[in-house]
Each structure stands twice: as C-alpha cells, then as structure tokens.
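Heads up: the structure comes next, in structure tokens.
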Amino acid sequence: MNRLPNLFLTLFFLVGLSCSQKHDVFPPQPIGPIPSEDQLAWHEMELNAFIQFTINTFTDKEWGYGDESPELFDPSAINVDQWIKTLKEAGFKGVILTAKHHDGFALWPSKYTEHSIKNSPFQSGQGDIVKLVSESAQKYGLKFGTYLSPWDRNRADYGKDSYVEYYRNQLKELFTGYGPVFEMWFDGANGGDGYYGGARESRTIDRQLYYDWPTTLAMVDSMQPQVLFFSDAGPDIRWVGNERGFAGETNWNTITPDTLYAGKAGIEELLQHGTKGGSRWIPAEVDVSIRPGWFYHQSQDSLVRSAGNLFQLYLTSVGRGSNLLLNVPPDRRGLFHEKDVAALQGFRKILDSVFNVDLAQSARITAESIRGNDERYSPSNLNDGNGDTYWATDDEVIQAAFELDFGASTKMSYLLLQEYIPLGQRVAAFEVQIPKGDQWETIATGTTIGYKRILELEGVEASKLRIKFTDALGCPVISNVGVY
Ligand code: FUL
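Last residue of the sequence shown: 587 in this note's numbering, with the numbers rising by one and none dropped.
Here it is, written out as structure tokens:
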C-alpha cells in the first residue's frame with residue numbers, strides 16, 4: 104500500500120544526495136575535548152563581576168576571624184540596583200556574590216545558623232542580600248552566580264563530617280531559593296586559625312578528601328544542571344593561577360585535571376597556561392579586584408584602578424581567551440563607591456572607542472587554501488559578523504594563511520582573532536605580517552587563540568595584513584577576524 108510514496112521518497116533522496124555530493128566536503132571533525140553548551144555560553148559572557156561584601160566591610164578586614172557579632176552588619180543606604188545597573192552599563196554579563204566568606208557570616212537568612220544577616224540590624228533582621236542581588240540581576244538581564252566559602256572560621260564543627268553536611272544544606276538553600284545560578288565559586292583557601300565556636304585554634308583539613316566534592320557537586324547538579332563549577336581545578340572553569348589579572352599569553356582551555364584539586368600548592372603555572380592536548384575542556388577565569396583588597400576599605404579609595412588599567416586587564420584576560428571576573432566591593436553605605444563607578448564608566452568608554460570601527464569589515468579577505476575549495480569554508484566567513492561560520496583548510500593543511508586587503512594604507516592598533524571552539528582549540532602558533540617589497544614582514548607573533556585573542560599592533564600602517572598559521576593541532580578553523 105505504501106510502496107508508491109516510498110519509491111518517490113527514495114528517488115528524491117538519491118537525486119538529492121548525488122546533487123549535494125558534488126560539493127560535499129565534510130566539516131572538520133572536532134579535535135580533543137570541546138566545550139559544553141553551558142561552557143560555550145560562558146565564553147561568550149567575557150565580562151563578569153565579583154561582589155565581595157560581608158561583615159569584613161564593617162570591620163575593615165579581608166579575612167574575618169569568625170567571632171564578629173552579626174550586629175556589625177548594617178549598610179546605611181543600600182541600593183543593590185545601583186551596583187547592577189553600573190555593571191550592566193559597563194558591559195558585564197554576570198555577577199557572582201559572596202553569600203558566605205571565610206568568617207562564616209551568611210548574607211541570607213539561612214535556617215542552619217544564627218551567624219547570619221537575620222541577627223543583624225539590617226532591615227531589622229528581615230534583609231536578604233542574596234535575594235536582592237539575584238532579583239536585581241534578573242531585572243537588568245545579568246546572570247547570577249554565588250560563592251560559598253568551604254572554609255568556615257565560625258563553625259564549631261569545622262573539620263568534622265557534620266560541617267560538610269551543614270555546607271551542603273546551605274548549598275540547598277542557595278540553589279532552591281534564588282532562581283538559576285550560572286556559576287558556583289569554590290574558593291581554594293582552606294583551613295587555618297579561627298574562632299570555631301569559641302575553640303580559637305588552628306585546624307587543618309585534608310584538602311583533597313575532607314569535603315567529598317564529588318558528592319556535593321552531584322547534589323548541586325541534580326538541583327541545577329546548568330551550573331558551572333569554578334575551583335582551582337574545575338571541573339568546569341579553572342582558576343588562572345594568580346589574582347593579579349592575567350592569563351598566560353599561551354592559554355589552552357584544555358588541561359588534564361587527574362591530580363589537580365582545590366587548594367593544591369604549586370599548580371599556578373599550569374593553571375595559567377593549561378595544557379596543549381589536555382584531557383578536559385576547563386577554561387581559565389581571571390579573578391582580580393578593582394582595588395588592592397577584595398573588600399571595601401576607605402583607606403583604599405585613592406587606589407582604585409584607573410579606566411586605562413581596567414582596559415589593560417581586559418587585554419590580558421579576555422584578550423587572551425579567558426573571562427575577566429572583576430571584583431567591585433560595595434562600601435559601608437551598601438553602594439559602589441563613586442571612584443569605582445567612575446572607573447567602570449571610563450572603562451566602557453575606552454572599550455567603545457577602541458572597538459568602535461572594525462576595519463576588517465570592509466577589507467577583502469582571501470586565502471590560498473580553502474577546505475575542499477568549498478565556499479562554505481570561505482575566508483569571507485571571517486568578517487561576516489556571524490560566529491557560527493568559519494574559514495577552514497583541508498585536514499592536512501596546517502600551515503595556512505589568510506590576507507586582508509584594505510585597499511589603502513591603514514593604521515592598525517589591535518588585531519582580534521577567534522577560533523570556532525565548538526570544534527576544539529587548535530592553533531598553537533601564528534604570525535602577523537605586512538607587505539615589505541614583494542615579501543611579507545612579521546610584525547607580531549602569537550601562540551594560542553581559543554575563544555578570543557587580541558594582539559596589540561601599535562599603530563602600524565599597511566594596506567594589507569596577513570595572518571599565517573605555523574603550528575596547530577589540526578587544520579585552523581577561524582570564525583572571526585577584527586582589526587581596530
Ligand atoms: C581568595 C579569598 O581568600 C579572598 O578573600 C577572596 O574571596 C578571593 C576571591 O579568593 O582565595
């Protein structure tokens with residue numbers, strides 16, 4: 104009964120196949136580990152903010168001992184929308200709040216402890232900073248993330264199994280009460296002296312085993328599967344190995360985490376650069392503060408980073424294929440200080456002026472080598488404004504180049520390159536060249552690209568620019584070039 108339609112379908116299929124096969128060049132296969140969808144969305148965020156705010160803000164400390172009275176927490180003129188609006192206007196896409204720092208004070212009315220905002224004068228004990236931040240983030244379209252310090256200098260049972268249970272209970276509160284959480288930050292600082300319920304002593308824990316992270320992460324994952332876990336060693340986002348604001352110029356998103364864990368000493372270099380050919384996709388995040396401290400101190404009002412300095416941080420983080428997590432600590436009023444706001448506004452102005460006109464948009468782009476000579480992999484994909492199209496070469500062609508022809512002498516300050524990372528991170532070395540006589544002269548070199556690489560070209564003038572790939576794990580797959 105169904106024979107006739109089936110026959111037609113088969114015929115259509117065969118005709119279709121033979122037509123398309125003429126041009127059928129398979130896309131490059133992924134090489135090595137590739138980012139998950141949530142990691143890809145994270146790469147696209149580029150700029151996130153950290154908010155360190157707690158009892159330390161009122162005691163002028165960086166690490167509270169854990170014996171501070173909750174009475175001390177009392178911002179006089181809090182306006183969380185001022186924080187989030189400032190961040191939104193500066194171009195930040197997400198915000199991560201310290202719900203509990205090492206001193207153990209909970210910024211939400213946790214039912215598992217009395218060491219919390221519920222026993223502070225703030226809003227007569229009815230306040231909830233986690234709620235205010237998550238709601239404001241939602242209002243302004245920023246993603247919300249949280250930090251819950253594993254180390255707790257207030258808890259009497261820190262170091263015992265019951266504390267791990269307590270920590271998990273707090274995670275349950277945070278992951279069920281405040282909407283979606285995009286990133287969970289697990290700090291590496293662990294163990295040492297503290298109040299510990301009055302014991303006032305030093306405690307050490309087995310950093311690798313005490314918290315039983317696999318069980319905790321599985322629990323959080325079952326509540327919110329989209330969340331990305333940050334720690335020194337991942338599993339989703341890794342620390343960059345320093346808090347001074349830079350990723351390695353060579354920065355592989357891949358690393359082999361088998362023997363890495365949060366708080367392990369001596370892995371800073373490894374985290375900064377990742378590992379070529381590493382077994383997992385665990386990109387680095389650059390966390391750094393807009394002030395010398397992580398918390399607000401009036402004495403540091405004159406030491407807020409300048410707009411130009413923030414732009415430098417952008418170049419050494421986002422410009423090296425990483426994300427910037429910039430800490431902006433609210434003051435005792437519960438506001439971003441005027442100096443910090445001015446620096447953020449200035450930062451935005453610099454970004455807007457530097458990246459205002461992309462000279463690559465009007466350039467003619469050509470390449471000697473195009474995958475299967477198929478227009479789907481044409482170099483015109485490099486300046487089509489579409490991150491889902493790319494230029495690629497045949498699998499065996501690794502040393503390849505593309506050229507931009509501006510048609511007239513053009514002054515260039517920055518070059519921006521992006522790999523199509525859904526097919527893995529590939530490029531290990533490239534050269535940037537301009538014409539010299541009938542040769543090409545190399546004016547800059549780079550190693551990795553990843554999600555984004557920005558190179559300074561220092562105002563060089565030329566009518567053409569050539570990007571030559573010299574080493575890669577497979578054929579280059581480049582989605583975007585920008586020249587500014
Ligand atoms: C560090 C902490 O010890 C600092 O106080 C701060 O929270 C920073 C983001 O992480 O490891």
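Don't be surprised by glycine CBs; every beta carbon is placed ideally from N, CA and C.
Asked: What residue from Gly169, Gly282, Ala470 and Phe153 has the CA that sits closest to glutamate 217's CA?; Found: Gly169
Asked: Among Glu268, Leu519, Arg341 and Ser382, which residue has its Cα nearest to the Cα of tyrosine 554?; Found: Leu519
Asked: Does any heavy atom of the ligand FUL sit closer than 8 Å to the C-beta of threonine 419?; Found: no
Asked: Listed by chain order, which residues have C-beta atoms less than 5 Å from any heavy atom of the ligand FUL?; Found: Asp290, Ala292 and Trp397
Asked: Throw me the rounded Cβ distance for the leucine 245 and isoleucine 340 pair, which I believe falls under 8 Å.; Found: That belief does not hold up - the Cβ atoms of leucine 245 and isoleucine 340 are roughly 17 Å apart, past 8 Å.
Asked: Are the beta-carbon atoms belonging to tryptophan 211 and isoleucine 232 less than 9 Å from one another?; Found: yes
Asked: Cutting at 7 Å between CB atoms, please list the residues of its own chain near alanine 446, excluding the five before and the five after it.; Found: Ile393, Val407, Arg408, Ser409, Ala410 and Leu413
Asked: Is DSSP giving lysine 125 helix, strand or coil here?; Found: Residue placement at lysine 125 is flagged as unreliable, the pLDDT there being 44, under the threshold of 50; the coordinate-derived value follows with that caveat. Three-state DSSP puts lysine 125 in a helix.
Asked: Per DSSP, which residues does phenylalanine 247 bridge with? Please list them.; Found: Val198
Asked: May I ask you to verify whether the region 572-585 touches the region 496-514, counting CB pairs closer than 8 Å and requiring at least 3?; Found: yes
Asked: Where does tryptophan 186 fall in DSSP's three states?; Found: helix
Asked: Out of Ile524, Thr162 and Tyr250, which has the shortest C-alpha to C-alpha gap to alanine 202?; Found: Tyr250
Asked: Count the other CB atoms, across all protein chains shown, that sit within 10 Å of the CB of arginine 467; report buried if there are 16 or more and exposed otherwise.; Found: exposed
Asked: When DSSP labels each residue in this structure, what does threonine 319 get in the three-state scheme?; Found: helix
Asked: Can you tell me which of Ser481, Lys214, Thr378 and Asp491 puts its alpha carbon nearest to the alpha carbon of glutamine 528?; Found: Thr378
Asked: Indicate whether the contact test is met: 3 or more Cβ pairs, each with one atom in the region 301-313 and one in the region 343-360, closer than 8 Å.; Found: no
Asked: For leucine 374, which of Phe509, Asp335, Ser481 and Glu147 has the nearest alpha-carbon?; Found: Asp335
Asked: Between serine 213 and glutamine 311, how many whole angstroms is the CB-CB distance? I'm expecting something under 8 Å.; Found: The Cβ separation is near 27 Å, so there is no contact.
Asked: Between which two residues does the alpha helix (DSSP H) carrying valine 407 extend?; Found: Run containing valine 407: none; DSSP gives neither H nor E here.
Asked: DSSP state of leucine 277, grouped into three classes?; Found: helix
Asked: Does the distance from the C-beta atom of glycine 437 to that of proline 178 stay below 9 Å?; Found: yes
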